[in-house]
Each structure stands twice: as C-alpha cells, then as structure tokens.
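Position one of the sequence shown corresponds to residue 1 (UniProt numbering), numbered consecutively onward.
Since the structure comes first, as structure tokens, the remarks are kept for the end.
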Amino acid sequence: MKRNNQGTGRKPHAITRLTRTQTQDLCQKIHATTGGDLPVAGSRRLGPFQGIRLVLVSLRHNLEQEPLAELFGISQSTVSRVLTAWTPLIAGILEQNVPTADDLDPGTQLIIDGTLVPCRYVA
C-alpha cells in the first residue's frame, strides 16, 4: 500500500489541496523572494517544505495550534513560531494571484462563494 502523505506531482494532497509540485513551486518562490534568507522558525524539526505545509494546513482548515503540533510531531510553541514566520511570506507570494475588481470582466456573471469563517465568541 502506497502512503500518500504529501500528494503527488499531479494529484492534490487532501489536507492542503495543493499538489506536491505546487507546494515545491511555492517553496522556490519564497526562496527566490527572500534571497535564500529563510526563517529559522521550526527549521530544525520541519524544514522549509514542511513549515510551508503546516501554514497551508492551518489556513485551509483553521486548526488550533495544539492539533497542528500533534499532526506535525512538534511542540505548540514551534507551531506558533512557524506560523508567525512563514504566513506573511506565503501571503506576500500569493498576493500577486488575488484578482482585483479591475481584473474582472464587467460583462461576466460571477458567483461568490459565501465561505463561513469560524469566530470565537468570548463571553
């Protein structure tokens, strides 16, 4: 039985919805943008590829840090440091792909997905 824990080049991984190739491309773009000066947060335990995957899983599933720590076999404090260091880098790279209102064709009908975002209510 083949264990597919990171997706293949063409098939998206279930937990990130990105293929391994897409994740590697993101790693390369971050490396090029930072000039190789990558964050050290979590680097001993995860490395850049797994650090980026941790952020992608966090953003996709809105998991708290403790479950992420268990999934990736690291401490909660390491998860916190990885998220703090890598999230702005990933956002900066992906920001180029976010369409603006000027990019949209005014003659095209659009369907907007009303994604529910969980919020914590503090009483």
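All C-beta atoms in this analysis are idealised placements derived from N, C-alpha and C, irrespective of residue type, glycine included.
Keep in mind that this is a model prediction, so the values were computed, not measured.
- Annotated as proximal: G42 and G51, with beta-carbon spacing under 7 Å.
- Under the rule that a run must span 3 or more residues, no beta strand (DSSP E) segment is found entirely inside the stretch 52-108.
- For L26, the enclosing alpha helix (DSSP H) covers residues R20 to T34.
- The shortest CA-to-CA distance from I90 to any of K11, R44, L56 and D113 is the one to L56.
- For I74, the closest alpha carbon among the candidates L63, R45 and P88 is that of R45.
- Q28 has its alpha-carbon roughly 15 Å from the corresponding atom of Q96.
- Nearest in C-alpha terms to L83, of all of L94, R53 and T16, is R53.
- T78 counts as buried, since at least 16 other C-beta atoms from the protein chains shown sit within 10 angstroms of its C-beta.
- Per DSSP, reduced to three states, the secondary structure at P48 is helical.
- A direct Cα-to-Cα measurement between L38 and H31 gives close to 7 Å.
- The beta carbons of T19 and K11 sit about 6 Å from each other, so the pair counts as a contact at 8 Å.
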